[in-house]
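Colleague: Okay, here's the structure, questions in a sec.
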Amino acid sequence: MTTGSRDAFRQTGWAGLRARLFHVYFVLRRPMTLGVRGLVQDKASNSVFLIRHTYVPGWQLPGGGVEVGETLAEALTRELAEEGNIALNAPPVLRSMHFNRRSSRRDHVGLYLIEHFSQTAPKLPDHEIAEAGFFPLDRLPEDTTPATLRRIAEIFGGEPASPYW
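Using full-length UniProt numbering, the first residue of the sequence shown is number 1, and each one after it goes up by one.
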């Protein structure tokens, strides 16, 4: 193993371990988990908004867990504001529900399409978000997660929605 590949493994290994610890924490805290993700589309530039977390590898759709007492729409609104400085200008459209068996045996994710929004300012890096931005559909980042690519193909490519995240 070369020094470069060893460093890449350490980086990915620690990120993976960190992600698993977060999932274990949430499973213990909330045995049944429900999450939301938002596919924010800028029609004018034919682009979508993606984020890269500090604790897991890859670019993905913004979103997160639904807190106790929140609706799916309230959780989505909160997550978009926190992760992208994005505010909804019209109700989002629930496009699909998915079983996220890679996270746990009881995790489900609602995917919303957001076409009417505003962004007060570009999202700057913080403790949770390493990078964020809009990317043209034909030039997505190389390390966009497989689940994100599947959701984009389902919405924009006419692929049938998978029951799995």
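We put the beta carbon where it would ideally sit given N, CA and C, even for glycine.
Could you tell me which residues DSSP pairs with M32 in its beta bridges?
Modeller: Paired residue(s): none; M32 is not in a bridge.
Colleague: Got a sec? Which residues, its chain only, sit under 7 Å from F135 by beta carbon, not counting five neighbours each side?
Modeller: So the qualifying residues of the chain are S47, V48, L50 and P141.
Colleague: Hey, quick one: how far does the beta strand (DSSP E) through R95 stretch, first residue to last?
Modeller: V93 to F99
Colleague: What's the call for R37, buried or exposed, on a 16-neighbour Cβ count within 10 Å?
Modeller: The C-beta of R37 has 16 or more other C-beta atoms within 10 Å across all chains shown, which makes the residue buried.
Colleague: Between V66 and the rest of its own chain, which residues show a CB-CB distance below 7 Å, the 5 nearest in sequence each way excluded?
Modeller: L34, G35, V36, L72 and A75
Colleague: Beta carbon of A81, beta carbon of Y55: below 8 Å?
Modeller: Not a contact, by the Cβ cut-off of 8 Å.
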